[in-house]
Every structure is written in C-alpha cells, then in structure tokens.
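Just so you know, my numbering puts 30 at position 26 of the sequence shown, and the rest follows in order with no gaps. Glycine included, C-beta positions come from ideal geometry on N, C-alpha and C.
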Amino acid sequence: MTLEHKKYAIIQEIMTISQEDMIDMIEELVKKVTRPKYTLDLSRHANIKAKVDLEAIKKERPPVDFDMAEFRKEASELEWDKSIDELLQELD
C-alpha cells in the first residue's frame with residue numbers, strides 16, 4: 005500500500021466516525037505531530053524590534069575582551085556540590 009493509499013484509507017475511516025470525542029482525540033494527535041515542538045510567544049513583551057542594528061549595539065555596548073586568566077581564577081574559586089565526573093555523567 006502506497007503512502008497515498010494509506011492517507012485515503014485513514015481519511016475514509018475518519019469520515020465514518022460519529023463520536024465527537026474520537027474526532028477530538030484524532031485532532032489532538034494531529035496537532036501534536038504537526039505543531040512545532042518549541043514555540044516562542046512574544047505577545048507579552050515590549051520593545052521587541054523587527055530589525056536590529058548591530059553597529060548601534062556595538063557602539064552602545066562595546067564588546068569586552070575575554071580574559072582567560074580572570075576566568076580561570078573565578079572558576080577555581082567556585083564551590084561545587086558534585087565532582088566534575090558526576091557533572092559530566094549528568095550530561096549523558
């Protein structure tokens with residue numbers, strides 16, 4: 005059976021269903037499969053621009069050079085409740 009035949013067979017089965025709850029279940033399943041996994045709702049956020057001027061941002065907040073020595077110093081002062089091996093195992 006080809007993919008097209010399978011589609012038509014499913015459509016025919018759905019057309020014969022008379023129970024609304026069954027149709028609702030099928031609708032939910034289709035939504036789960038076709039809806040993007042992650043959505044971003046920006047409707048509650050203000051001051052979001054459609055276009056961004058990168059040069060203006062660079063002038064407003066100039067990039068800061070990364071200081072590896074300072075990073076290592078700060079990192080060595082951190083206290084962890086787990087060993088590095090335990091943290092790495094959690095990543096798997």
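Assuming contact is defined by CB atoms lying nearer than 8 Å, are I21 and I27 in contact in what I supplied?
yes
Between the beta-carbon of I52 and the beta-carbon of L44, is there less than 8 Å?
no
For V37, name the three-state secondary structure that DSSP assigns.
Helix, per DSSP.
So what's M72 in DSSP terms, helix, strand or just coil?
helix
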